[in-house]
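Working notes for the structure below.
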DNA sequence: GATGAATGAGGATTCATTCAT
DNA sequence: TATGAATGAATCCTCATTCAT
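Residue numbers (this note's numbering), protein chains in the order written: chain U, 17 to 243; chain Y, 17 to 243; chain C, 17 to 243; chain X, 17 to 243.
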């Protein structure tokens, strides 16, 4: 709840008692988004039906459409909130980092936090799970994607201050892709095996990035060491 | 009515043999699979409808069901054929490799071939594209997945002869995941950018695997060199 | 927005209660059941299609499914309502009867009422009309059947107080079977011929039951008299 | 195989080798009818599909339609053959009987034979199982029905020589209906319970008919005795 | 005759969305 | 606002029947 989001509370856009109205509305929206998260997680985004979401939220379909113009909008808003929550949890985390931090540590911490967040908010995975058709990115996922990318870019830029923007963007895309791939495997397993996959994912990212960073100190040693 | 058809006179109590197909049927099947490939590619597997496939093939829905009991069966058969074709193109490629081959070269070649195959058969991507919900792998994708995994394991085993089976399997899973992630990015771009992504994907895999191979000769040097 | 609706403000976490229906919905249900009755009567249960029922009711297929999960449910509800109506018309009729009533009279009255009811509600016949394959009783008909049987057993038990339960059940099954058979013939004819069949049906039942009752007074005389 | 059916063998309707052709055709027809019997028995007439029958017979749908113009025709022909077989087994059974035979005996014997026949040819039941809609008798069942009725009338006429034709017909209809009702119950049970139902069915018929016969000797005594 | 391919309307059911109350 | 009713096109799939070979 940073400063720029509290404004709504102060500005009365409508006459009457907008406070109460909005309060109830907010609750309904939260209710619906929670339900959506559950349904997305359970059935996947595509298979999720608006009726199912409304039912899960304990409201009528009509009510749902009072707050969201369509299914996509629900996904978008849910994504926004998740991003927001992420930001709250980790600050502008993944954001520029003390350049002195070893890459290893930065990556490991980022992965751990990402994964923790995903486990806490399984809907995140469902929303992140890209387009069925490469190239055609649906609006829902788009926003989420863009945000994640920019955050990853932020992180990377502190390690690769000299990289060309295009290269940075590409690297960020790669990292996100690799992360999603790893996450899928992580979520598909449990216990020790899950931990092992987490470890592998870290290796992948560290080894991928390490040579790009290269000349910054003697960090390369780390990447060279096998499991 | 050639001689070998008059046998009917002796009343062959025909058992439940796989009904012999006519040439026309074989053609229809090919046609339907081609149509399915198109539709899967265009809309993704989940959104693809059997009616759409039939329409694309220029036949009635009933005809489709004469050859396939359901959508899943189409995906499975299409997957089988693609795998088969892959095998024909590359032999038991990706299969064990001359251990003297440098990792770099092996990975680069495998990626190039995989990608070439995917570009030639875009449906492959649609079929490979995993489950919406992690853990719940549908039968359609399962077969394809299993085959790919075993091939990758084959390739890896020549580089990691001493790895424990569980580790080998995990590594194979990772490689496949990474590959799929990279492929998505590759397919989402064109021209020089696409090539750049191909290169990145190779880096990812090589750097990920290199330390695991490690002790085999002085191959590590390669991985250390940045783009 | 009357007072009792503002309670929402306290956020009643509404559980999975049987969603309260609106009057309109109740009307639609009645409408749909009426339509179903018509279609069942016209085409028979098996051949009746949900789309046909919806069309007959003048609504879209979707509307039908808002109230009934499937065809079976329609049949069951219709059956329930018919049973209910029957009970209302005749009280716990067919239920135990003054033991002094002559069998003849009891049967005649029961048959007359049953037939009158069937003529008023022809769908009853369609629903009663058993399984296509003996032994495999579908749920729809089952409930109706069971109810009818228990009512017949009730009637019978006042005449056969000493019968073993198994015999009573068997006799009830026979009576129901005979009744259905007779009903079919009755409905297939009109006017005087119909009346004649009604008479025959009564004879059949009376004569079948009379010897079972036997020792109760000199009732046997009746059965001995021919048409 | 009475004399009037062997004629086909002697009369060459077509030139060529009609013998072989017809022979093969007859075999196919028999094959198809057998398959139809199986399918009708398994799924009921309405639910039986021509494709299923062809499959069961091990031939293609096309072949089926080479011999029968439609599903109905199959049922009709199957019914005819069953009737024919019945006639062969029991001669003009159920046909007029030595008037001295006690009614009891005649009915019991007829029921036993009918039931035996039904158990040997379960398709008979499926075909006999009347129209879903009273009054609308489909052609398939019609023929079977008519034949059965005329046979029952034959039987009855020896017991009721003085009955008006209309009464005779009505009584025959009743008997057939009662029989079908009883058969359903008989087939729905097994072992001792089945036998009990057979016994009940006999009682029903005997007691129903006895008073109609009445004046013929002292037969009434039998009917008066309870189980 | 025999085959298997082909049809296409029709079946049950779902779902995003809109409407009347 | 909130509700539940209403929609209708779309989904997968079936089946009696016809057609080309």
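Cβ atoms here follow ideal geometry from the backbone N, Cα and C, with glycine treated the same way.
Asked: Beta-carbon proximity check, residue 195 of chain U vs residue 142 of chain U, cutoff 8 Å; Found: no
Asked: Residue 178 of chain C versus residue 68 of chain X: straight-line alpha-carbon distance, rounded; Found: 50 Å
Asked: Outcome for residue 193 of chain U when other beta-carbon atoms lying within 10 angstroms are tallied against a minimum of 16; Found: buried
Asked: Continuous alpha helix (DSSP H) stretch holding residue 181 of chain X: start and end; Found: 181-203
Asked: Any C-beta of chain U under 8 Å from that of residue 43 of chain Y; Found: no
Asked: At least 3 beta-carbon pairs within less than 8 Å: the region 197-213 of chain Y vs the region 209-224 of chain U; Found: no
Asked: Proximity of residue 46 of chain C and residue 55 of chain C at Cβ, strictly below 8 Å; Found: no
Asked: Check: residue 156 of chain U C-beta below 7 Å from any heavy atom of the ligand PLP; Found: Among the components modelled here there is no ligand, and therefore nothing to report on the ligand PLP.
Asked: Buried versus exposed, by CB contacts within 10 Å (16 or more), residue 40 of chain Y; Found: exposed
Asked: Neighbourhood of residue 49 of chain U by C-beta, 8 Å cutoff - its chain only, sequence neighbours within 5 removed; Found: 90, 93, 94 and 97
Asked: Outcome for residue 150 of chain U when other beta-carbon atoms lying within 10 angstroms are tallied against a minimum of 16; Found: buried
Asked: Neighbouring residues, chain Y, relative to residue 193 of chain U (Cβ below 7 Å); Found: 197, 198, 200 and 201
Asked: Alpha-carbon to alpha-carbon, residue 165 of chain C and residue 66 of chain C; Found: 29 Å
Asked: Residue 225 of chain Y - DSSP class collapsed to helix/strand/coil; Found: helix
Asked: Residue 220 of chain Y (DSSP reduced to helix, strand or coil); Found: helix
Asked: Within 8 Å of chain Y by C-beta, residues of the region 130-142 of chain U in sequence order; Found: 141 and 142
Asked: Residue 226 of chain U versus residue 185 of chain U - alpha carbon distance; Found: 17 Å
Asked: The alpha helix (DSSP H) enclosing residue 84 of chain C, as first and last residue numbers; Found: Premise fails: residue 84 of chain C is in no alpha helix (DSSP H) and is neither H nor E.
Asked: Where residue 148 of chain Y falls, given that 16 or more other Cβ within 10 Å makes a residue buried; Found: buried
Asked: Within 8 Å, strictly: CB atoms of residue 145 of chain U and residue 153 of chain U; Found: no
Asked: Rounded straight-line distance, which links the Cα of residue 169 of chain C to that of residue 114 of chain X; Found: 40 Å
Asked: Beta-carbon proximity list for residue 197 of chain X, same chain, < 7 Å, skipping 5 on both sides; Found: none
Asked: Three-state secondary structure (DSSP) of residue 77 of chain U; Found: helix
Asked: Through-space distance from residue 133 of chain Y to residue 21 of chain Y, alpha-carbon basis; Found: In this predicted model, residue 21 of chain Y has a pLDDT of only 41, less than 50, meaning its place in the structure is not dependable; the value taken from the coordinates is given anyway. The alpha-carbon atoms of residue 21 of chain Y and residue 133 of chain Y are separated by roughly 43 Å.
Asked: Selection of the region 172-191 of chain X by Cβ proximity to chain C, strictly under 7 Å; Found: 186, 189 and 190
Asked: Ranges of the alpha helix (DSSP H) found wholly within the region 85-147 of chain C, counting only runs of at least 4; Found: 87-106, 119-136 and 139-144
Asked: Presumed contact (8 Å Cβ cut-off) between residue 171 of chain U and residue 228 of chain U, rounded CB distance; Found: That pair is no contact at about 13 Å.
Asked: Proximity of residue 88 of chain U and residue 156 of chain U at Cβ, strictly below 8 Å; Found: yes
Asked: Range of the contiguous alpha helix (DSSP H) that encloses residue 65 of chain C; Found: First-last for residue 65 of chain C: undefined, no H or E at that position.
Asked: Own chain, CB closer than 7 Å to residue 76 of chain X, minus 5 neighbours either side, in chain order; Found: 70
Asked: C-alpha gap between residue 180 of chain U and residue 124 of chain Y, whole angstroms; Found: 25 Å
Asked: Reference residue 222 of chain X, options X:43, X:204 and X:190, closest by Cα; Found: X:190
Asked: Neighbour flag for residue 150 of chain Y against chain U, beta carbons, 8 Å; Found: yes
Asked: Contacting residues, own chain, Cβ-Cβ under 7 Å from residue 159 of chain U (five flanking each side not counted); Found: 92, 95 and 96
Asked: Boundaries (first-last residue) of the alpha helix (DSSP H) holding residue 158 of chain U; Found: 155-175
Asked: Minimum Cβ-Cβ distance from residue 170 of chain X to chain C less than 8 Å; Found: no
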